[in-house]
């Protein structure tokens, strides 16, 4: 299948490597946001643009009958994005797989599976240690901040500490900047530590992690305990998951299973190269 | 949906509790192996018989157009069981979900998901501590053994120790029994310890566990590390997974997605009560 990439930041670069490593894919081109996209000849387009631009490009491609995969990550807006894109996919007989990264994405699949295994109980998703893009952008927006890095540190039960490393603009006062940051809505509700550093670039690292735990009830049996951990290169995993989902989108379109789908709506075997029979023999 | 249970051992009892706890299911009856099954009025039958009897009952039910779910657990025979049952399901427009427990079953889903996240690398599934049914039966078959319990102890990288607790028959010699057991094909290849006890019943416990690890490559990025752990009541989890799969079988039949399917061929959202929209909002 021919797979094109739209947008070429961290995720786009990682997706390129994953397409090249896939035994059943051909890279159909890498396009920038502002390119003319009419020449695009692809079965699936990976939308590696900033997340806020994803819905627009997803709708454009779906209207042309081309499958898309994105890693749209604004959790609260996923249901409305899905419900708006779904009829466009059906009208044009195509498939869009949305929010296909690790959270939302593979973590969502694990959460769904654990609900099926122990329907009553509590799941906690603990993120990090790793860089939070949203909090980093919020910190950079504080007056007097030249550059920033906000690390998410898991404290368990879904509670997180924010370690915010800031490079000050010349002449700005640390205490003033710190007070403004601690009042910002992104930081006001969590334990937050602000640390002045000479170079934020020297700290940058795309490592991230997850610790997802559930204790629940299967039937009437309590104390069923589950845990999923990962320590990963963040853009590499996101790009790989998108590429695996491109395979699923292509196959679902061929079978006529049209629509906008999240990863909990896909059969995991569709993510993998090879036949169903080969994967059943190897993995079940 | 109306769900019946065939077979009423450990798994059948656990499945009954899970059906009763499900908000969208009605228990359509519990049947024993030798019952006349013609009176069965169910949308889905959970096959909780001994595993070797599963293929026969699955084919009988599929021929009557009734969905089934089983936890057939002889790994090497799953592909042939699936390929033989699949045409019966298609011919009778029904769905059978096979090998739906935790391994094979939910572990298979995790293994498939991790392959999609990091296609190159090694996955190790470490079982236990917990009772191995196959090894326990093999130990009981050794002459001079009155009762036995074989515990599986994980040593990492898929290597396991066997701790075998035996109750001797009167007049039998421990050293003779131990030597025979250590030569048995079930035990000859693993580190095995044989321990004589007064009462095997006093040790019985349905706790089990899994530690599933993968280190792999996403795109061209190495050292992506993943781990799944669980500590569970074994029959309770198996029964619950079967009941969740009953929901998926029922829905897939309604959509015309007929066939014999393993859990890696199901969309996880189909395992859960409630609408797709509700589950996307809650879990993605």
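Protein chains in written order, with the working numbering: chain A, 1 to 284; chain B, 1001 to 1284. From the three backbone atoms N, C-alpha and C, an ideal C-beta is built for every residue, glycine too.
Are the C-beta of residue i and some C-beta of chain A separated by less than 9 Å?
i	result
residue 1075 (chain B)	yes
residue 1163 (chain B)	no
residue 1262 (chain B)	yes
residue 1246 (chain B)	no
residue 1014 (chain B)	yes
residue 1026 (chain B)	no
residue 1228 (chain B)	yes
residue 1109 (chain B)	yes
residue 1145 (chain B)	no
residue 1088 (chain B)	no
Assuming residue i and residue j are in contact, meaning their beta carbons sit under 8 Å apart, how far apart are those beta carbons, in whole angstroms?
i	j	result
residue 71 (chain A)	residue 192 (chain A)	Contact flag wrong, Cβ pair sits at about 27 Å.
residue 1069 (chain B)	residue 1097 (chain B)	5 Å
residue 1028 (chain B)	residue 1038 (chain B)	Actually they do not touch by this definition, with Cβ atoms about 14 Å apart.
residue 1157 (chain B)	residue 1127 (chain B)	That pair is no contact at about 12 Å.
residue 1109 (chain B)	residue 1257 (chain B)	About 17 Å; that fails the 8 Å criterion.
residue 241 (chain A)	residue 100 (chain A)	6 Å
residue 1212 (chain B)	residue 1107 (chain B)	6 Å
residue 46 (chain A)	residue 3 (chain A)	6 Å
residue 33 (chain A)	residue 51 (chain A)	Going by Cβ atoms, the distance from residue 33 (chain A) to residue 51 (chain A) rounds to 13 Å, so no, they are not a contact pair.
residue 1018 (chain B)	residue 219 (chain A)	4 Å
residue 223 (chain A)	residue 215 (chain A)	7 Å
residue 1113 (chain B)	residue 111 (chain A)	Rounded, the Cβ-Cβ distance is 12 Å, inconsistent with contact.
How far does the beta strand (DSSP E) with residue i in it reach, from first residue to last?
i	result
residue 1154 (chain B)	1145-1154
residue 211 (chain A)	207-218
residue 193 (chain A)	191-196
residue 259 (chain A)	259-261
Answer yes or no: does any C-beta atom of chain B fall closer than 9 Å to that of residue i?
i	result
residue 283 (chain A)	yes
residue 120 (chain A)	yes
residue 45 (chain A)	no
residue 3 (chain A)	no
residue 243 (chain A)	yes
Pull the bridge partners of residue i from the DSSP assignment, please.
i	result
residue 1027 (chain B)	B:1003
residue 1068 (chain B)	B:1045, B:1096
residue 1157 (chain B)	Per DSSP, none; premise fails for residue 1157 (chain B).
residue 1232 (chain B)	B:1208
residue 1126 (chain B)	B:1211
residue 162 (chain A)	A:152, A:192
residue 1253 (chain B)	For residue 1253 (chain B), which the question treats as bridged, DSSP gives no partner whatsoever.
residue 101 (chain A)	A:105
residue 1340 (chain B)	The structure shown does not extend to residue 1340 (chain B), since chain B spans only 1001 to 1284, so no value can be given for it.
residue 1120 (chain B)	B:1217
residue 170 (chain A)	Paired residues: none, contrary to the question.
Residues of chain A with a CB under 7 Å from the CB of residue i: which are they?
i	result
residue 1092 (chain B)	By Cβ distance, chain A contributes nothing, its closest Cβ being about 20 Å from residue 1092 (chain B), past 7 Å.
residue 1220 (chain B)	17, 21
residue 1276 (chain B)	265
Using the beta-carbon of each residue, which ones in chain B are nearer than 7 Å to residue i?
i	result
residue 78 (chain A)	1280, 1284
residue 106 (chain A)	1113, 1117
residue 82 (chain A)	1280
residue 231 (chain A)	1225
residue 99 (chain A)	1284
residue 237 (chain A)	1117, 1218, 1224
Since residue i meets chain A, which of its residues come closer than 9 Å, beta carbon to beta carbon?
i	result
residue 1240 (chain B)	116, 117, 118, 119, 217, 218, 219, 221, 224
Specify, as a first and last residue, the run of the alpha helix (DSSP H) that residue i falls within.
i	result
residue 1188 (chain B)	Residue 1188 (chain B) -> no alpha helix (DSSP H), and no H or E assigned at all.
residue 17 (chain A)	10-21
residue 1279 (chain B)	1276-1283
residue 1085 (chain B)	1078-1091
residue 1134 (chain B)	1133-1140
residue 63 (chain A)	54-63
Run down chain A in chain order and give the residues with a C-beta less than 8 Å from the C-beta of residue i.
i	result
residue 1030 (chain B)	The contacting residues do not exist; residue 1030 (chain B) stays about 14 Å from chain A at best.
residue 1267 (chain B)	264, 265, 266, 267
residue 1096 (chain B)	The premise fails here: residue 1096 (chain B) is roughly 14 Å from chain A at the closest Cβ pair, so nothing lies under 8 Å.
Along chain B, in chain order, which residues have C-beta atoms closer than 9 Å to that of residue i?
i	result
residue 272 (chain A)	1112, 1115, 1116, 1119, 1264
Mind listing the chain B neighbours of residue i? Cutoff is C-beta to C-beta under 8 Å, in chain order.
i	result
residue 251 (chain A)	What residue 251 (chain A) touches in chain B: nothing, since even the nearest Cβ is about 12 Å away.
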